[in-house]
Every structure is written in structure tokens, then in C-alpha cells.
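K.L.:
Just so we're aligned: the sequence shown equals residues -2 to 301 in the working numbering. Beta carbons: idealized from backbone N, C-alpha and C, even for Gly. Bear in mind that the values here come from a model prediction, so they are computed numbers and not experimental data. Got a structure for you, questions after.
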Amino acid sequence: AINDLTDAKTLAYLLKYDSIHGTLDVPVEAKDDYLIVDSRPIKILAVKDPKALPWRNLGVDYVIESTGRFTNRDDAATHLAAGAKRVIISAPSKDADATLVLGVNEKTYNPKAHQVVSNASCTTNCLAPVAKVLLDRFGIKHGLMTTVHSYTNDQQLLDLPHTDLRRARAAAVSMVPTTTGAARALHLVLPQLKGKLDGMAIRVPTPNVSLIDLTVELESDATPADVNAAFRAAAQGPLQGILQYSEDPVVSVDMNGNPHSSIVDAPLTTGLDKRMVKVIAWYDNEWGYSCRVRDLITYIASRD
């Protein structure tokens, strides 16, 4: 089932025709309060209060809380009161039972203790695997990250009021410096990095695909070739399917639809004075993150 404050006809249209990812190549239609995708009916609800949702009657075990409105634990847990067994918040949460990033800390999932789980942000899902490789192989003393991020719904299409005055400006016209909690929140999945990373975001006039620019001081000597070798090994081994290693001269449009959390752009890896290194990694902040939410539910279900 899907709960959204609109109707099945609108959802069918928006699923079929996507400005970023193209036209869905399966039959999609709306019939009464059902969305029918490739002959599979999906119940459509339009309920404002999560406590009033009929998850128990519908047999729903796992709820993806993706409204952006219920990111704290108590609010998200109203889905549990409605009959769900687990809630996965598709955003950062300060007080979820656990924050899990696949490839980094999913093994810490405890079915007995973790009912409300955050999948962190798309940026943290890109940053964490990259940081984990550097941390495990070379150690990280400290660092700074900038995400060059496509514009999102939390910006204005035209100049209009916003609590963040920079985000009040027209999204498709300017580069917009703003905040991101991705680096500071990294300690939720890599506790060793608490207080060691910070960062900012620059929203840019592209509709999809973003990158992280991570600069760190390592705890051991490493050349750019050493760093790239570590990423190549991780991409072919423990982080296969999560982290991708690329030596091609790609640009952002080439990453559209890429399902990986992080795509390391190896030719852009640079170093200075033996222990300072800069790594660039791409991510499809829509598709790649959605793939991880799906994979996280699959993983949690396998552990329950």
C-alpha cells in the first residue's frame, strides 16, 4: 500500500512519466483507489495522521516513512501503533533506534531493539562507504567534505520565502551554498569518526546526480595510487554493489540511474604531502538511494 495526500490517478501519471528517469516501460493505470502496475494492484491511501493508517488490517510489516515530516522516533513510531512491525525512515534521524548504512554498519541491526531505523541521507550513503575504506586501510585523522548536490524540493523554484535565505533563491538559476549534516552524522554509522569530519553543501542547477568532495588527513602515508587501489579492491570485494570504482572521464549525466551508493572517480583522486588526500565520488541521489532503501528492507526482513 502507498499513503500519499493525493489520488491514484495522479500517482499513476507521476510513476509512468518521470522527468529524470524517463517513461516506465510497464503498464500503469489507476482504478478507483488502486494503482495497478504491471497487473499488480497497490492500495492507495490518503491519510494525514499515521496513527489512523490501516497497516494492521492490510498486513503491512514494513513501512517506509518518506514524507520528511516524521523523522524523529516518536512521530515515526506512530506507524507501529497502526500495526507495522518496523519503520524505515528515508532521511536522517537524531533519535531513531538505529541508523544503518549498507556496506558500513548493517550488521549492528538488532531485531529485538531496533523498530524504528533510519537509512540516513543519500549523501551519508555516498560518504560512509568512501570514509570506511579510508578509515580501515589508512586511518583518518580529520577531514572536510563538500557535497555538490542537485537541487531538491527543499528549495524554491522561484525566489520565495524560506527559513534558509539562500534556499529562498531560485533553485535552477544559482549555485546555492547551504548546510548538510551528512559529515557530522557519519559517527552514527562509523563511531570512530565522531568529531573528525564536517562539511557543507552547494546546491547546483541540475535536477539529479550529486557528488562528494572529501578531503582528509590520513594517519598513515598513502599515494593517490595507494588510495585508488584500496577503492578498487573494496569495489570488487566487500563493497561490491555498494561502491563502484570508475576510471572513465564521466560527468554527472552518466551517473543518472546508477544503483550504487558511491561511484569513486579514480582519475580525480589527488594527494599532498604524503597524508592529505582528496577523493571525489558520485551518487544518483534519487535512484541510488531508493535502491538502498529497498536493499535495507530486504536485509532487515532476512534478520527478523
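(1) Taking 8 Å as the limit between beta carbons, can you name the residues of its chain near Pro126, skipping five residues before and five after?
(2) Would you call Arg289 buried or exposed, if buried means 16 or more other Cβ atoms sit within 10 Å of its Cβ?
(3) Taking the alpha carbon of Thr295 as the point to measure from, which residue in Leu8, Thr75, Arg53 and Ile85 has its own alpha carbon closest?
(4) Does DSSP put Ser103 in a helix, a strand or coil?
(5) Would you mind listing the beta strand (DSSP E) stretches within the stretch 195 to 224 that are 3+ residues and don't spill past its ends, in chain order?
(6) If you compare alpha carbons, which of Ala198, Tyr31, Gly19 and Ser16 is closest to Ala9?
(7) Could you tell me which residues DSSP pairs with Met273 in its beta bridges?
(8) Could you check if Ser118 is buried or exposed, using at least 16 other CB atoms within 10 Å of its CB as the buried criterion?
(9) Please name the residue or residues paired with Val114 in a DSSP beta bridge.
(10) Check each candidate in Leu190, Ala93, Arg163 and Val213 and name the one with the smallest Cα separation from His111.
(11) Could you compute how far the alpha carbon of Asn225 sits from the alpha carbon of Val145?
(12) Ends of the beta strand (DSSP E) at Lys40?
(13) Excluding the five sequence neighbours on either side, which residues of its own chain have a C-beta within less than 7 Å of the C-beta of Tyr242, listed in chain order?
(14) Along the chain, where does the alpha helix (DSSP H) that runs through Thr120 open and close?
(15) When the Cβ atoms of the stretch 172 to 180 are set against those of the stretch 189 to 198, are three or more pairs found closer than 8 Å?
(16) Arg181 to Ile209, Cα distance in whole Å?
(17) Once the 5 residues before and after Gln153 are set aside, which same chain residues still bring their CB inside 8 Å of it?
(18) What residue range does the alpha helix (DSSP H) around Ala9 cover?
(19) I'd like the span of the beta strand (DSSP E) that includes Leu32, first residue to last.
(20) How many Å lie between Ser90 and Asp151 at the Cα?
(21) Kindly confirm or deny that the stretch 217 to 224 and the stretch 268 to 278 touch, where touching means at least three C-beta pairs closer than 8 Å.
(22) For my contact list, Pro47 and Asp301 are in at a C-beta cut-off of 8 Å; report their separation, rounded to the angstrom.
P.N.:
So, from the listed chains and residues:
(1) Within the sequence shown, numbered from 1, the residue matching residue 126 stands at position 129. These residues qualify, in order along the chain: Val98, Gly100, Val101, Ala231, Leu236, Ile239, Leu240, Ser258 and Ser259.
(2) Start at 1 with the first residue of the sequence shown, and residue 289 comes out as number 292. The residue is buried, with at least 16 neighbouring Cβ atoms inside 10 Å.
(3) Translated into the one-based positions of the sequence shown, residue 295 becomes position 298. The candidate whose alpha carbon is nearest that of Thr295 is Ile85.
(4) Counting from 1 along the sequence shown, the entry for residue 103 is found at position 106. Ser is not the amino acid found at residue 103; the sequence shown has Glu there. Secondary structure of Glu103 (DSSP, three-state): helix.
(5) The qualifying runs are 207 to 215.
(6) By one-based count along the sequence shown, residue 9 stands at place 12. The shortest C-alpha to C-alpha distance from Ala9 to any of Ala198, Tyr31, Gly19 and Ser16 is the one to Tyr31.
(7) As a working mapping, residue 273 is identified with position 276 in the sequence shown. Its beta-bridge partners are Glu214 and Leu269.
(8) For the purposes of this step, residue 118 is taken as the residue at position 121 of the sequence shown. A residue is called buried once 16 or more other Cβ atoms fall within 10 Å of its Cβ, and Ser118 is buried on that count.
(9) For the purposes of this step, residue 114 is identified with residue 117 of the sequence shown, where counting begins at 1. By DSSP's assignment, Val114 forms a beta bridge with Ile85 and Ala95.
(10) As a first step, residue 111 must be located in the sequence shown, where it is residue number 114. Just measuring C-alpha positions, the residue of Leu190, Ala93, Arg163 and Val213 sitting nearest His111 is Ala93.
(11) To locate residue 225, count along the sequence shown from 1; it is residue 228. To locate residue 145, count along the sequence shown from 1; it is residue 148. Cα to Cα, the separation comes out at about 21 Å.
(12) Within the sequence shown, numbered from 1, the residue matching residue 40 stands at position 43. It spans Arg37 to Leu42 - the beta strand (DSSP E) in which Lys40 sits, taken as one unbroken run.
(13) Counting from 1 along the sequence shown, the entry for residue 242 is found at position 245. When the five nearest sequence neighbours on each side are left out, the beta carbons in the same chain lying within less than 7 Å of the beta carbon of Tyr242 are those of Phe228, Arg229, Ala232, Val261 and Ala263, in order along the chain.
(14) If you number the sequence shown from 1, residue 120 lands on position 123. Taken as a continuous stretch (DSSP letters only), the alpha helix (DSSP H) holding Thr120 covers Cys119 to Phe135.
(15) The stretch 172 to 180 is in contact with the stretch 189 to 198.
(16) The count along the sequence shown starts at 1 and reaches residue 181 at position 184. The count along the sequence shown starts at 1 and reaches residue 209 at position 212. Put simply, the backbone Cα of Arg181 is about 14 Å away from that of Ile209.
(17) Locating residue 153 in the sequence shown gives position 156, where the first residue counts as 1. Once the five neighbours on either side are set aside, the close Cβ partners of Gln153 are His159, Arg164, Ala165, Arg166, Ala167 and Ala168.
(18) In the sequence shown, the residue the question calls residue 9 occupies position 12. Per DSSP, Ala9 is one residue of the alpha helix (DSSP H) stretching across Ala5 to Lys13.
(19) The residue labelled residue 32 in the question sits at position 35 within the sequence shown. Unbroken beta strand (DSSP E) run through Leu32: Tyr31 to Val34.
(20) Within the sequence shown, residue 90 is the residue found at index 93, counting from 1. Within the sequence shown, residue 151 is the residue found at index 154, counting from 1. Straight across, the Cα-Cα distance linking Ser90 with Asp151 is about 17 Å.
(21) Here the stretch 217 to 224 makes contact with the stretch 268 to 278; the two share three or more CB pairs at distances below 8 Å.
(22) Taking the sequence shown and counting its residues from 1, one reaches residue 47 at position 50. Taking the sequence shown and counting its residues from 1, one reaches residue 301 at position 304. 21 Å between Cβ atoms; not a contact.
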